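Number of protein chains: 2
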Amino acid sequence: MSRPSNIGILALELYIPKTYISQSDLELYDKESKGKYTIGLGQTEMSCIGDREDINSISATILLQLLEKHKICPSQIGRLEIGTETIQDKSKSIKTYLMSYLQNSYNIEGITSYNACYGGVQALFNTIAWIESSSWDGKLGVVIASDIAVYEKGPARPTGGVGAIGILIGPNAPLVLDNLRTSYMEHAYDFYKPIPSSEYPVVDGHFSVNCYLKALSQCFEDLKRKTGVMTLASLGDYWCFHAPYHKMTVKAFFQIASDDLSSRLPHFDAKDKQSWGIVNEYLRPLWNEKCEKATRLGKRVGNIYCGSLFMSLKSLMTFENIEEGKSIVMFAYGSGLAASMFRIVARRKVQMDQGILMDLGKRVKLNVEEYTRRMSVREKDYERKGFVPIDPIRELAPGTVYLDRVDEKWRRFYKRTENTPKL
Amino acid sequence: MSRPSNIGILALELYIPKTYISQSDLELYDKESKGKYTIGLGQTEMSCIGDREDINSISATILLQLLEKHKICPSQIGRLEIGTETIQDKSKSIKTYLMSYLQNSYNIEGITSYNACYGGVQALFNTIAWIESSSWDGKLGVVIASDIAVYEKGPARPTGGVGAIGILIGPNAPLVLDNLRTSYMEHAYDFYKPIPSSEYPVVDGHFSVNCYLKALSQCFEDLKRKTGVMTLASLGDYWCFHAPYHKMTVKAFFQIASDDLSSRLPHFDAKDKQSWGIVNEYLRPLWNEKCEKATRLGKRVGNIYCGSLFMSLKSLMTFENIEEGKSIVMFAYGSGLAASMFRIVARRKVQMDQGILMDLGKRVKLNVEEYTRRMSVREKDYERKGFVPIDPIRELAPGTVYLDRVDEKWRRFYKRTENTPKL
C-alpha cells in the first residue's frame, strides 16, 4: 500500500441537544448580580439534557449524523476512538456500545481515551498516527469527542454544557496537522471526580485557571523554541482554545500575547498596568481577527469538555472561509492535567458551513426551575437500575439516539427518533 | 529524522503485590468442593492487596521499577500511556498522576486507554504507531497495563488478582510486532461495572466465556484469511492468551484447534465426542509446546485484567529462551467487548530471565479471613475521604509506592518504601 499523505480532518460535525437554558435566567435564579455569568463568564446560553440522553446516546447520535451526512458506510471505517471523561459503565468503553450502530463491521480498532477534556485530542493524534503507521488498513478513522458537563448547584453550574463532536479522518484532507506540536503533562488536583456515586466533579476553580495558563505558556514557549523566531501572529492565522467558558479563552489569548511581548520588547512589563493598558488596546483587533469567530458557538452551548476545542474549530468553520494555506493553532487543556498545542493547516479552501446555526435556532429554552428538576432526576438516576426515563421524547431532534430503558441488570437500551432530513 | 525500524518491546516488567492467598484455602473458606478453584479454574494462588495500594500506586511502582532496572531517565521518554479498567478519580487519568514521578519532564504524550482488560493492547498499538508516525520525537514510549481485579464474595471472587505490567517500546527491539493483526469489537454486556459506588463488576460468566470464544474464533479466522494457508501451528511458535483464569486459556487453545481441524479435515466434526477425544490426545503435546509456559505466572497471580496478556508473555520469557525468528501470537480480550489478535516476532534471541520468580518466592500468604477483612476495608474506603490506610507498610516489597493518606478533598498522597536493590 502506498504511504498516505496529507492526513487530517475530512469532516467535523457537532451535535448539540435541543434544550438549553439562558445564562441570564440562571443569574436571576441563583440570585447573582446581573452579568455575573453573561459578562463575567461571557456565556449567553447553556445546552442541557434530561434523563433521555447519556454519554452513549449522544456519542451514537453524532456518529450516525457524521456517517449519514457524509455518506460513509461502516465498512469504510477501520478505527473508531472516543475521547471523553463521562463514565457510564465503568469498565465498558463507549466504543463497544457504538459498535451496535456499525452493523456487520467488527474489525474496527480503537477504544476510549480518557482524561478530563483532553481525550479527544489524544484520540485525534492516535488516529492520525495509525493512518501513518504500517498497521493502517487503508480505511478511514472516526474520532468522537463527547461529554456531559454538569456541576452541582453553585458557582460552577453555569460552566456546564453538553455536546458531541464527530471527526472523520483520512488522507488528502483539507485540514491537516503539520506536526508542529508539543504537550505539557503534570499531576494536579484542579478538577477531578473522586466521588464514585456522583456525576459532579470536585473543582478548585482558581487553581484550575492557573493550571490552564501555566500549561498554555509552557506549550507556547516550547513551540516558539522549536520554530525559532515564530510569534503569536506568525505561528497561526487563527487560534482555537479549549473553552470551559468564553472568558477563559480571552484570558488565554492575552496571556500568550503578554508572554510574547515580554520576551520581545526589552522594556515591556506586562505587570505594569499602564504599559499593558496601551498594548491591550492594540491587541483587541488581533483577538477579533484570530480568535473571536472560534468562540461564538461555545458562548451558546457551554463547555462540552472533550469536544470543546473542536467546537471552537467548528465555530471558526461556521463563520469564516478558511483560505488555502491558512493555519490554525489549537490549544487543548484537560484538568489533572494534560495539555497539547498543535497546528492545523488548510491544504485547500474550506468554505464556511452555517448548517449548525439551524440546529441552534431550533432549540427549546427551558426555564431554570425545569432544568433544576431535570438535574435532580439525573442525580437520582445515577445509581439506579430498572427504570424508564420520564422526559418527553418529542423534545428530541430528529435522528437523536435516546435512552429507552435501563433493566434490572443496569443494562441500557436505546432507540432513535425518526431521522427526517434537516434540509 | 530517519525512519525507525523494528519497533517493538525493548523490555517488559511485572509488578505483583507481596501478599497472596491460596486458592485451596479459598475453596475451604467458601465451602466449595475441593478442586473447584484449583482444578476447575486451574488457579493455585491469587495476588491481593489491602488498603495501602491502589491503581495509581501500582502503576507508579511498575513505572519506577521499569525505569530503574533499565536505567532510563524521564528525559528519554516521549510517550506514556496507561491501559486500565480500574478507576480512581473518574476524570483524572492515571497518566497525569504518574507525571509526578517523571521530574522535569513534561512534554510526554499519551493518557489512559480504557476498556475492560483491553486497554493495554490499544496503548501498545498507539505507542508503536506514534513511533512510526511523523510526529515521533525520537524518544522511547512506555506502556503501563495495570488493574486491580476484585469481585464480590461468591463464585467470581477466585478469578481476581492484582498486577501491573510496564513495557518499554522503541526501535531496534528484540520483540517486534509484524503487522499481522486483526480486531473484533462488539457491544455486549458480559462483564461491566455499572454500579458507581462499588469497585466490583457485574458479570454474566457463562455469556462472557462465549463472547471470548466468539471473538477468538473471529480473529483467528480473519488472520488465516489474511495469510492464506496459515494454520494454528504455522501462525505462531507460541501462543499467549488473555487469561481471566487458567482454564480459559486451555479452552481458548482447544477452541481454535477445533476451528482449525473442522475447516481442514473434511469429515472431522469437533462436536462428535469420539473424534474429538482422539484428536484431543494429540493436541496436548502441542499445548505443552506452544502455550503452557505462558500460563505459569498467571496461575499464581490470578487475573490482572489489562496486564494479563502481557503477563502471559512475561511467563513465556521466564521459562523459555525465545530463539531468533520465533513468533508469538497474542490474543487480547476485553469484555464489553474488544478483542485483537496480533503477532510478535523475535528479531534476536531473548534469553530467559527468571528474576520474577524471586518476587513470587518472597510473597507472604494471607489467610482468607484476613483477605476478606481487607476486602471489606476496601469496600468502605471506596467512597471515603479524609483517612489514613491501616494495613502495615512493612508488608510491602522494597520500592513499592503506597497510599499514605487521603485528605478531606479526596486528594491522594503517596510515599515509597525504601528501594533496596533486589539482587
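Protein chains in written order, with the working numbering: chain C, 3 to 425; chain G, 3 to 425. Even for Gly, the Cβ is constructed at its ideal location relative to N, Cα and C. Quick caveat, the model's predicted, so the values are computed rather than measured.
*For isoleucine 392 of chain G, three-class secondary structure by DSSP*: DSSP places isoleucine 392 of chain G in coil when its eight states are reduced to three.
*According to the Cβ coordinates, are serine 148 of chain C and threonine 86 of chain C closer than 8 Å?*
Yes.
*Partner residues on chain G for tyrosine 335 of chain C, Cβ-Cβ distance less than 9 Å*: Neighbours of tyrosine 335 of chain C across chain G, judged by C-beta separation under 9 Å, do not exist; the nearest C-beta is about 12 Å away.
_Partner residues on chain G for valine 204 of chain C, Cβ-Cβ distance less than 7 Å_ = Those within 7 Å of valine 204 of chain C in chain G are Lys411 and Trp412.
*Among G/Ser7, G/Ile113, G/Glu15 and G/Ile11, which has the Cα closest to the Cα of aspartate 355 of chain G?*
Among G/Ser7, G/Ile113, G/Glu15 and G/Ile11, the Cα nearest to that of aspartate 355 of chain G is on G/Glu15.
*List the residues of chain G whose Cβ lies closer than 8 Å to the Cβ of glycine 121 of chain C, in chain order.*
Chain-order list of chain G residues neighbouring glycine 121 of chain C: Ile113, by C-beta distance under 8 Å.
*Step through the CB atoms of chain C and report whether any lies within less than 8 Å of the CB of tryptophan 289 of chain G.*
Cβ-Cβ to chain C under 8 Å: no for tryptophan 289 of chain G.
_Amino acids of chain G, ordered along the chain, whose beta-carbon sits closer than 8 Å to that of histidine 189 of chain C_ = Going along chain G in sequence order, the residues near histidine 189 of chain C (Cβ under 8 Å) are Thr98, Tyr99, Leu100, Met101 and Ser102.
*the stretch 130-162 of chain C: which residues have C-beta closer than 8 Å to a C-beta of chain G, in chain order?*
Going along the stretch 130-162 of chain C in chain order, one finds Ile130, Ala131, Trp132, Glu134, Ser135, Ser136 and Ser137 with a Cβ nearer than 8 Å to chain G.
*Which residues in the same chain have their Cβ closer than 6 Å to the Cβ of lysine 424 of chain C, if we skip the five residues on either side of it in sequence?*
Residue placement at lysine 424 of chain C cannot be trusted, given a pLDDT of 48 that sits under 50; what the coordinates show is reported in the next sentence. Within the same chain, and ignoring the five residues on either side of lysine 424 of chain C in sequence, no residue has its Cβ closer than 6 Å to its Cβ.
*Any heavy atom of the ligand MN closer than 7 Å to the CB of threonine 374 of chain C?*
Of the ligands one can find in the structure shown there are none, so the ligand MN has no counterpart to examine.
*In terms of alpha-carbon separation, which member of G/Ile84, G/Ala151 and G/Glu134 lies closest to tyrosine 307 of chain G?*
The shortest C-alpha separation from tyrosine 307 of chain G is found at G/Ala151.
*Starting from the N-terminal side, write out each stretch of the alpha helix (DSSP H) that is 4 residues or longer and does not extend beyond the stretch 13-96 of chain G.*
DSSP runs (the alpha helix (DSSP H)) wholly in the stretch 13-96 of chain G: 25-31 and 57-71.
*How would you label alanine 158 of chain C, buried or exposed, when you count the other beta carbons within 10 angstroms and need 16 or more for buried?*
Counting of Cβ neighbours within 10 angstroms places alanine 158 of chain C among the buried residues, the total reaching 16 or more.
*Count the other CB atoms, across all protein chains shown, that sit within 10 Å of the CB of glutamate 111 of chain G; report buried if there are 16 or more and exposed otherwise.*
A residue is called buried when at least 16 other Cβ atoms come within 10 angstroms of its Cβ; glutamate 111 of chain G meets this threshold and is buried.
_If I follow the unbroken alpha helix (DSSP H) through valine 408 of chain G, where does it start and stop?_
Counting along the chain, valine 408 of chain G sits inside no alpha helix (DSSP H); it lies in the beta strand (DSSP E) bounded by residues 403-408.
*Where in the stretch 289-375 of chain G do unbroken runs of the alpha helix (DSSP H), each at least 4 residues long, occur, reported from the N-terminal end onward?*
Listed in chain order, they are 298-303, 310-321 and 357-363.
*Considering only the beta carbon of each residue, do isoleucine 197 of chain G and serine 115 of chain C sit closer than 8 Å?*
A distance of 8 Å or more separates the beta carbons of isoleucine 197 of chain G and serine 115 of chain C.
*Nearest CA to the CA of lysine 316 of chain G: which residue from G/Glu294, G/Gly327 and G/Gly336?*
Considering only G/Glu294, G/Gly327 and G/Gly336, the residue with the shortest C-alpha distance to lysine 316 of chain G is G/Glu294.
*Given that a residue counts as buried once 16 or more other Cβ atoms are within 10 Å of its Cβ, and exposed if not, what is phenylalanine 415 of chain G?*
Phenylalanine 415 of chain G comes out exposed.
*Residue range of the beta strand (DSSP E) that includes tryptophan 241 of chain G*: From DSSP, the beta strand (DSSP E) with tryptophan 241 of chain G extends over 240-243.
*Bridge partners - aspartate 194 of chain G, DSSP secondary structure assignment*: For the sequence presented, residue 194 of chain G should be read as tyrosine rather than aspartate. Answer is G/Val204.
*As assigned by DSSP and simplified to three states, the class of serine 136 of chain C*: Here serine 136 of chain C sits in coil by DSSP.
*Mind listing the chain G neighbours of tyrosine 186 of chain C? Cutoff is C-beta to C-beta under 7 Å, in chain order.*
In chain order: Tyr108 and Asn109.
*List the residues of chain C whose Cβ lies closer than 9 Å to the Cβ of arginine 418 of chain G, in chain order.*
By Cβ distance, chain C contributes nothing, its closest Cβ being about 15 Å from arginine 418 of chain G, past 9 Å.
*Quick one: grab the DSSP three-state call for alanine 175 of chain C.*
Note: alanine 175 of chain C maps to coil in three-state DSSP.
*Output yes if chain G places a C-beta closer than 8 Å to the C-beta of glycine 216 of chain C; else output no.*
Residue 216 of chain C is actually lysine in this sequence, not glycine. The beta carbon of lysine 216 of chain C does not come within 8 Å of any beta carbon belonging to chain G, so the residue lies off that interface.
*Flag this pair as yes or no: are the beta carbons of leucine 170 of chain G and leucine 100 of chain G separated by less than 8 Å?*
Inclusion of leucine 170 of chain G and leucine 100 of chain G in the CB contact set at 8 Å is not warranted, their separation being larger than that value.
_Is there a C-beta anywhere in chain G that falls below 8 Å from the one on phenylalanine 209 of chain C?_
It does not: the Cβ of phenylalanine 209 of chain C has no partner Cβ on chain G nearer than 8 Å.
_Pull the bridge partners of serine 185 of chain G from the DSSP assignment, please._
Partner(s): G/Ser342.
*asked:* Out of G/Met377, G/Gly304 and G/Leu398, which one is the CA nearest neighbour of lysine 249 of chain G?
replied: Here the closest residue by C-alpha is G/Gly304.
*Under 8 Å (Cβ pairs) to chain D, residues found in the stretch 382-404 of chain C*: Protein chains C and G are contained in the structure displayed, whereas chain D is not.
*Between the C-alpha atoms of phenylalanine 255 of chain G and valine 231 of chain G, what's the straight-line distance to the nearest angstrom?*
The alpha-carbon atoms of phenylalanine 255 of chain G and valine 231 of chain G are separated by roughly 19 Å.
*Could you tell me the distance, in whole angstroms, from the CA atom of glutamine 90 of chain G to the CA atom of valine 281 of chain G?*
Rounded to the nearest angstrom, the two C-alpha atoms are 47 Å apart.
*Taking Cβ-Cβ distances below 7 Å as the criterion, which residues of the stretch 77-90 of chain C are in contact with chain G?*
Here the close residues are Glu87 and Ile89.
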